[in-house]
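Novice: Going by the working numbering, the sequence shown opens with residue 11, and the numbers climb by one from there.
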Amino acid sequence: MAQTSQNSVQSVQAIGLTVSDADRAIDYFTGAFTFKVDSDITVSGEEADYLFGVFGSKVRLVTLRLGQEQIRLMQFLSPAGQPAPTDTQSNDLWFQHFAMIVTDMDKAFQRLQDYPYEAISTEPQTLPGGIQAFKFRDFDGHGLELLLFPEGIGSDRWHQPTDDLFLGIDHSAISISSTQQSLAFYKDILGFELAGDTLNQGPTQGHLDGLFGAKVIVTSLSPAQGGLGVEFLDYLTPPGGRPAPLSHRTNDLIHMQYEFVVSDIEATVEALEKAQAQFVSPKIVDLSGTELPFQKAVLLQDRDRHAILLVQN
Numbered sequence: 011m012a013q014t015s016q017n018s019v020q021s022v023q024a025i026g027l028t029v030s031d032a033d034r035a036i037d038y039f040t041g042a043f044t045f046k047v048d049s050d051i052t053v054s055g056e057e058a059d060y061l062f063g064v065f066g067s068k069v070r071l072v073t074l075r076l077g078q079e080q081i082r083l084m085q086f087l088s089p090a091g092q093p094a095p096t097d098t099q100s101n102d103l104w105f106q107h108f109a110m111i112v113t114d115m116d117k118a119f120q121r122l123q124d125y126p127y128e129a130i131s132t133e134p135q136t137l138p139g140g141i142q143a144f145k146f147r148d149f150d151g152h153g154l155e156l157l158l159f160p161e162g163i164g165s166d167r168w169h170q171p172t173d174d175l176f177l178g179i180d181h182s183a184i185s186i187s188s189t190q191q192s193l194a195f196y197k198d199i200l201g202f203e204l205a206g207d208t209l210n211q212g213p214t215q216g217h218l219d220g221l222f223g224a225k226v227i228v229t230s231l232s233p234a235q236g237g238l239g240v241e242f243l244d245y246l247t248p249p250g251g252r253p254a255p256l257s258h259r260t261n262d263l264i265h266m267q268y269e270f271v272v273s274d275i276e277a278t279v280e281a282l283e284k285a286q287a288q289f290v291s292p293k294i295v296d297l298s299g300t301e302l303p304f305q306k307a308v309l310l311q312d313r314d315r316h317a318i319l320l321v322q323n
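#1: Give me the Cα-Cα distance between Gln-13 and Ser-54, rounded to the nearest whole angstrom.
#2: Using the Cβ count rule (16 or more neighbours within 10 Å means buried), how would you classify Glu-276?
#3: Quick one, are the C-beta atoms of Val-72 and Asp-50 less than 8 Å apart?
#4: Going by beta carbon distance, what residues of the same chain come within less than 8 Å of Gln-288, once the five residues before and after it are set aside?
#5: Taking the alpha carbon of Leu-175 as the point to measure from, which residue in Gln-20, Asp-124, Val-22 and Leu-76 has its own alpha carbon closest?
#6: Answer yes or no: does any C-beta atom of chain C fall closer than 8 Å to that of Tyr-125?
#7: Would you list the one or two residues that DSSP bridges to Gln-305?
#8: State the Cα-Cα distance for the pair Gly-41 and His-181, rounded to the nearest angstrom.
#9: Per DSSP, which one or two residues make a beta bridge with Asn-261?
#10: Mind checking who Ser-54 pairs with in its DSSP beta bridge?
#11: Does Asp-180 come out as helix, strand or coil in the three-state DSSP assignment?
#12: Secondary structure at Asp-124, three-state DSSP: helix, strand or coil?
#13: Once you ignore the five residues that flank Ala-281 on each side, which residues in its own chain have a CB closer than 7 Å to its CB?
#14: Determine, using beta carbons only, whether Thr-229 and Phe-242 come nearer to each other than 8 Å.
#15: On the criterion of 16 or more Cβ atoms from any shown chain inside 10 Å, does Asp-219 qualify as buried, or is it exposed?
#16: Which residues mark the beginning and the end of the beta strand (DSSP E) in which Tyr-268 is found?
#17: Met-11 to Glu-155, Cα distance in whole Å?
#18: According to the Cβ coordinates, are Pro-160 and Ile-186 closer than 8 Å?
#19: To which residues does DSSP link His-107 through a beta bridge?
#20: Considering Phe-242, what are the terminal residues of the beta strand (DSSP E) in which it resides?
#21: By alpha-carbon positions, which one of Gly-63, Thr-96 and Ser-100 ends up nearest to Lys-293?
#22: Looking at C-alpha atoms only, which residue of Asn-101, Ala-205 and Leu-256 is the closest neighbour of His-222?
#23: Between which two residues does the alpha helix (DSSP H) containing Gln-193 stretch?
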């Protein structure tokens with residue numbers, strides 16, 4: 011595990027995604043992938059405005075759990091945002107997905123056929139080493155992945171005896187412009203530990219990512235306490251990956267965010283400010299008087315404008 015410091019991210023507590031209809035999203039994730047509802051609250055007022063960086067925010071926030079991992083569905087009851095681009099590619103720098111571990115790829119893929127989705131992969135792929143994967147988008151355009159690790163690969167918790175088809179979330183991956191730039195941010199400032207890196211290429215990778223000639227550096231990072239990880243996707247080819255739009259706001263359906271837990275949010279923010287990080291929240295927001303599951307939080311962006319909600323529980 012990474013050495014802990016005041017700045018180090020302890021865990022990836024959740025993956026947040028802005029949805030058009032929370033009820034529909036609940037039905038989708040609980041029905042297709044067996045998530046369970048943990049909580050369902052609505053937040054508004056000055057704290058919400060500061061937290062999300064959107065004036066007049068009224069947000070329904072639903073927490074779902076799969077195994078040990080959580081996602082947070084955020085429906086902006088007001089103001090509504092923009093739909094996700096319909097032409098998103100895996101190498102566009104706003105692309106993010108999270109990977110759900112399954113115990114039987116054929117059964118998981120067959121179950122998905124009963125629900126709306128847009129395929130990214132041509133079909134489930136078997137990668138070198140025997141890993142099976144299928145990437146797709148939900149009805150709002152969020153990137154998702156079904157992932158199966160063969161014996162000897164992945165965390166031990168994915169290989170315990172079970173009758174469950176869906177086990178949990180292994181990681182959330184983001185497309186980036188530079189591995190070194192992103193390591194300087196996530197590893198050097200936020201204290202993530204490098205867990206592995208590979209160069210993936212060839213026809214199978216292209217079919218997985220929906221990109222002809224895909225050649226990608228994949229870098230895996232682990233927070234101090236382990237668990238849900240971060241993954242970088244640095245596409246060397248094909249060219250043409252687009253930067254995230256400057257107009258992107260938290261209430262747009264393109265929005266996904268990491269939720270990183272730190273033990274001293276003031277110290278971490280100070281380190282990020284010294285590194286000239288881009289903040290969405292104008293200050294650390296005190297949420298102790300709200301129903302939100304953390305005491306303090308601040309929303310910021312990494313070097314490629316992927317969103318990070320930094321929280322202190």
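By construction, the Cβ of each residue, glycine as well, lies at the ideal position given by its N, Cα and C atoms. It should be emphasised that the depicted structure is a prediction, and the values quoted were computed from it without experimental measurement.
Specialist: Looking at the coordinates:
#1: Reliability fails at Gln-13, whose pLDDT of 42 lies under 50, so the model's placement of it is uncertain and the value that follows must be treated cautiously. Gln-13 and Ser-54: Cα-Cα distance of roughly 37 Å.
#2: exposed
#3: yes
#4: Leu-310, Gln-311 and Arg-315
#5: From the listed residues Gln-20, Asp-124, Val-22 and Leu-76, the smallest Cα separation to Leu-175 is found for Leu-76.
#6: No chain C appears in this structure, which consists of one protein chain only.
#7: None; Gln-305 has no bridge partner.
#8: 21 Å
#9: DSSP output for Asn-261 lists no bridge partner at all.
#10: Lys-68
#11: strand
#12: coil
#13: Hits under 7 Å: Asn-17 and Ile-199.
#14: yes
#15: buried
#16: 266-272
#17: For Met-11, the pLDDT reaches just 38, beneath the cut-off of 50, and the residue's location in the model is therefore unreliable, although a value from the coordinates is still provided. Taking the straight line from one Cα to the other gives about 25 Å.
#18: no
#19: Gly-153 and Ala-183
#20: 239-247
#21: Checked all of Gly-63, Thr-96 and Ser-100; the closest Cα to Lys-293 is Gly-63.
#22: For the sequence presented, residue 222 should be read as Phe rather than His. For Phe-222, the nearest C-alpha among the options comes from Asn-101.
#23: A small correction: the amino acid at residue 193 is Leu; Gln does not occupy that position in the sequence shown. Note, Leu-193: alpha helix (DSSP H), 189-193.
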